[in-house]
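Asker:
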């Protein structure tokens with residue numbers, strides 16, 4: 150029987166069979182490391198082609214030259230081994246889980262941010278990280294779906310997450326069913342990302358009434374200081390309004406979706422701390438004693454008149 154001839158492929162001064170016979174020709178290719186490294190790739194997996202031969206101890210599947218450029222990016226002849234195990238995902242940060250704060254004694258203040266997450270939120274989180282400051286975020290459901298990684302970052306950093314309805318609708322214009330749906334959808338969206346449902350609720354624009362409150366299965370958190378940052382978009386004015394009105398137990402309203410607000414935060418935190426204030430979450434401010442369907446706008450503090 151005549152020996153089957155294999156077509157040759159020319160590559161410069163070398164001639165290599167695109168489907169080389171096992172062992173013999175493959176061994177010759179191995180002797181020339183430059184040729185082998187440049188033009189062939191030997192798989193360390195089960196070979197595709199099988200040939201019976203007494204002298205064959207190893208099976209090679211040598212690919213045509215037109216595939217080698219692509220495969221060279223994936224596999225290396227000198228290191229045909231499994232990649233090292235990927236590092237374990239980072240655990241949730243305990244950055245803000247420190248010594249408990251007694252806000253009945255200490256001068257506590259809660260920084261709260263509405264309507265996010267948005268494009269500026271990560272920049273705000275960077276600033277909060279730098280100053281080691283916790284905050285409370287009241288999130289819009291549809292924004293949660295748009296920025297899931299940002300929401301997860303908030304939770305990992307130890308910030309408190311709140312529900313701000315699905316689309317910032319005025320609750321006083323909605324039916325009972327619509328209110329329940331928009332609140333439930335948002336809580337579910339947050340839970341799917343973080344594993345926990347939000348612990349507080351803020352009605353959009355602060356509009357609510359006793360009938361609405363009864364429909365909300367969470368504590369309602371309002372504010373006693375509105376920086377109006379969404380109107381004037383002036384970092385200096387945002388900071389001035391907050392500092393001119395702050396008292397122990399204050400809840401300050403801002404919006405993380407405005408870049409101008411983010412610019413105001415570093416100096417605001419610095420001034421608050423310089424005056425002896427301790428920024429905390431809403432839950433810390435009220436000592437975790439919040440009741441569902443009850444509205445809160447500040448934390449009572451000894452010696453402070455409201």
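Numbering (my numbering), first residue to last: 150 to 455.
We put the beta carbon where it would ideally sit given N, CA and C, even for glycine.
Quick caveat, the model's predicted, so the values are computed rather than measured.
Could you check how far apart the C-beta atoms of residue 352 and residue 369 are, in whole angstroms? I think they sit under 8 Å.
Answerer: 6 Å
Asker: Are the stretch 388-406 and the stretch 372-379 touching by the rule of at least three beta carbon pairs closer than 8 Å?
Answerer: yes
Asker: Looking at the structure shown, is residue 439 part of a helix, part of a strand, or coil, going by DSSP?
Answerer: Note: residue 439 maps to coil in three-state DSSP.
Asker: Nearest-angstrom Cα distance between residue 346 and residue 324?
Answerer: 23 Å
Asker: Are there 16 or more other CB atoms within 10 angstroms of the CB of residue 391, so buried, or fewer, so exposed?
Answerer: With 16 or more Cβ atoms within 10 Å of its Cβ, residue 391 is classed as buried.
Asker: What residue range is occupied by the uninterrupted alpha helix (DSSP H) comprising residue 431?
Answerer: 431-434
Asker: In terms of residues, what are the limits of the beta strand (DSSP E) holding residue 312?
Answerer: 309-312
Asker: Count the other C-beta atoms from every protein chain shown that fall within 10 angstroms of the C-beta of residue 303, then say buried if there are 16 or more, exposed otherwise.
Answerer: buried
Asker: Measuring alpha carbon to alpha carbon, tell me which residue in 336, 252, 249 and 263 is nearest residue 411.
Answerer: When each option's Cα is compared against that of residue 411, the closest is 263.
Asker: Which same chain residues, not among the five before or five after residue 435, have their C-beta less than 7 Å away from its C-beta?
Answerer: 445 and 448
Asker: Since residue 305 contacts residue 350 with CB under 8 Å, what's their CB separation in whole angstroms?
Answerer: In this structure, residue 305 and residue 350 do not form a Cβ contact; the two beta carbons are roughly 22 Å apart against a cut-off of 8 Å.
Asker: Classify residue 259 as helix, strand or coil using the three-state DSSP reduction.
Answerer: It is a strand residue.
Asker: Can you tell me which of 442, 389 and 307 puts its alpha carbon nearest to the alpha carbon of residue 278?
Answerer: 307
Asker: On a Cα-Cα basis, can you pick out the residue from 274, 318, 301 and 270 that is closest to residue 344?
Answerer: 301
Asker: State buried or exposed for residue 295, treating a residue as buried only when at least 16 other CB atoms are found within 10 Å of its CB.
Answerer: exposed
Asker: Quick check for students: name the residue ranges of the beta strand (DSSP E) that lie wholly in the stretch 389-416, counting only runs of 3 or more.
Answerer: 399-404
Asker: Compute the distance between the beta-carbons of residue 258 and residue 384, then report whether it is under 9 Å.
Answerer: no
Asker: For residue 264, which of helix, strand or coil comes out of DSSP?
Answerer: Here DSSP, grouped into helix, strand and coil, assigns residue 264 to strand.
Asker: If the criterion is Cβ atoms closer than 9 Å, does the pair residue 389 and residue 280 meet it?
Answerer: no
Asker: Within its chain, find whatever has a CB closer than 6 Å to the CB of residue 290; leave out the 5 residues flanking it on each side and keep chain order.
Answerer: 315, 334, 335 and 338
Asker: Count the other CB atoms within 10 Å of the CB of residue 266; is the residue buried (16 or more) or exposed (fewer)?
Answerer: buried
Asker: May I have the straight-line CA-CA distance separating residue 443 from residue 356, to the nearest angstrom?
Answerer: If you take the alpha carbons of residue 443 and residue 356, they lie about 14 Å apart.
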